[in-house]
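As you go down the protein sequences, you meet chains P and V in turn. Quick note on the working numbering: the first sequence kicks off at 321 and runs consecutively. Quick note on the working numbering: the second sequence kicks off at 321 and runs consecutively. Worksheet: the structure to be examined is printed underneath.
There are 2 protein chains.
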Amino acid sequence: MTTTETSPDINTVNIEAVAGLAAKIQESPEVASTTWKAAVTWEQGFRSTASIRDFAPIGSDEPAGLGGTDTAPNPVEQLLAALGNCLAVGYAANATAAGVTINDLRIEVEGDLDLHTFLGLNPGGNAGFQGIRAKVIIDADAPAETIEELHRLVTGTSPVGHTLARAVPIQVDLAERTISEVTA
Amino acid sequence: MTTTETSPDINTVNIEAVAGLAAKIQESPEVASTTWKAAVTWEQGFRSTASIRDFAPIGSDEPAGLGGTDTAPNPVEQLLAALGNCLAVGYAANATAAGVTINDLRIEVEGDLDLHTFLGLNPGGNAGFQGIRAKVIIDADAPAETIEELHRLVTGTSPVGHTLARAVPIQVDLAERTISEVTA
Chain P
321 MTTTETSPDI NTVNIEAVAG LAAKIQESPE VASTTWKAAV TWEQGFRSTA SIRDFAPIGS
381 DEPAGLGGTD TAPNPVEQLL AALGNCLAVG YAANATAAGV TINDLRIEVE GDLDLHTFLG
441 LNPGGNAGFQ GIRAKVIIDA DAPAETIEEL HRLVTGTSPV GHTLARAVPI QVDLAERTIS
501 EVTA
Chain V
321 MTTTETSPDI NTVNIEAVAG LAAKIQESPE VASTTWKAAV TWEQGFRSTA SIRDFAPIGS
381 DEPAGLGGTD TAPNPVEQLL AALGNCLAVG YAANATAAGV TINDLRIEVE GDLDLHTFLG
441 LNPGGNAGFQ GIRAKVIIDA DAPAETIEEL HRLVTGTSPV GHTLARAVPI QVDLAERTIS
501 EVTA
């Protein structure tokens, strides 16, 4: 993002913190290397909670039709929410850096998923989203071309957007030491 | 998943609902085509909330060092949580289908992300996770080889896992009608 025309008050974004981090990273590039974490604890059925830093655990469940008790959004909905939240941060950051005040911003996200693979009916198939669409509804005090440039910047720098759009190496390891060995 | 040796009480998973859905899909494959949604509303700064179905909106923010007010997990942490929750559902489903009781299950997820691209310091670069690792710590009443087979099934059928491991077509559109045209 460009950091000209900044103001500490626009969109209540602390753009000085962002600019300060960017300056620090230009001096010490290793500062840009970050690791993020979440720890999930299974409760019962399809219910689990995710703990992130010191925040209160956030619940997860599945709809009844999928065998859950429908007490919370399910994991694929959470993933769509993460994309929408990430785009919102990107808009707020880039709009502020460009001196653009956002009046209202809403992002609707949806994705298509075929349940065959998850249900074991298509071994080797794709259990994930086949496609994800987001619609950005923004009311901001700026000409259309400025909004379009913001949009280009946001979609070109979105951490969650890029994670989804790229094939990310995922390693899932089993910590075998905790398995209870049962002899019949 | 195999549905032999099921019991309605194992892991309190409603495996009949899952098996019923699978049977329905085998009869009418189009039932497997699902669309999931989330709607995000920007609040102020880097704070937003995600609304999913009728659940209470869930907050999102960024740490202070990134310019946020640190009131909630950030989008990339939410994405890691979604993966952990998804793997938990997969374990619960497949263990139940195999007649395996889970005593305890915890999944630790972490991912590495370089901030250069998000901060505009590496145009055209990858703003997303370069790699994601999950560690599954399970205590279940089953021999190690059964757990390993469950693990193979879970990782091979995880909707969020597959979404992250594959390059998903992502389309982000700007609803231009809501832009306030400002003439200087």
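In this text, a Cβ means the ideal position worked out from N, Cα and C, and glycines have one as well.
Between R426 of chain V and chain P, the shortest Cβ-Cβ separation is below 7 Å. At a cut-off of 7 Å between beta-carbon atoms, R486 of chain V makes contact with chain P.
Among the bridge pairs identified by DSSP, Q398 of chain P is matched with none. Note on R472 of chain P: under 16 other CB atoms within 10 angstroms of its CB, so exposed under the neighbour-count rule. Taking 7 Å as the upper bound on Cβ-Cβ separation, chain P lies near residues I345, Q346, A352, S353, T354, T355, W356, K357, A358, A359, V360, T361, W362, Q364, G365, F366 and S368 of the region 345-368 of chain V. At a cut-off of 7 Å between beta carbons, A343 of chain V makes no contact with chain P. Apart from the 5 residues on each side of it in sequence, L400 of chain V sits with its Cβ closer than 8 Å to the Cβ of V429, E430, G431 and I452 in its chain, given in chain order. Contact annotation for E382 of chain P against chain V: V409 [CB-CB distance below 7 Å, chain order].
Under the three-state reduction of DSSP output, A376 of chain V falls in the coil class, being neither helix nor strand. Nearest to A342 of chain V by C-alpha distance, out of P:T355, P:A352 and P:L386, is P:L386. Look at I330 of chain P: its C-beta is not under 7 Å from any C-beta on chain V. DSSP assignment within the region 393-477 of chain P yields the following whole beta strand (DSSP E) runs of 3 residues or more, N-terminal first: 422-434 and 449-460. At least one CB atom of chain P sits nearer than 7 Å to the CB of E397 of chain V.
Taking 7 Å as the threshold, the shortest C-beta distance from G481 of chain V to chain P falls below it. When secondary structure is reduced to three states using DSSP, A487 of chain P falls in the coil class, being assigned neither helix nor strand. V338 of chain P: member of the alpha helix (DSSP H) spanning I335 to E347, first to last residue. With contacts defined as CB atoms closer than 7 Å, T483 of chain V and F438 of chain P fail to qualify as a contacting pair. For V456 of chain V, the closest Cβ of chain P is nearer than 7 Å.
By the rule that beta-carbons nearer than 7 Å mark a contact, V420 of chain P does not touch chain V. Counting C-beta pairs with one atom in each stretch, the region 358-375 of chain V and the region 400-414 of chain P have three or more that are closer than 8 Å, which means they touch.
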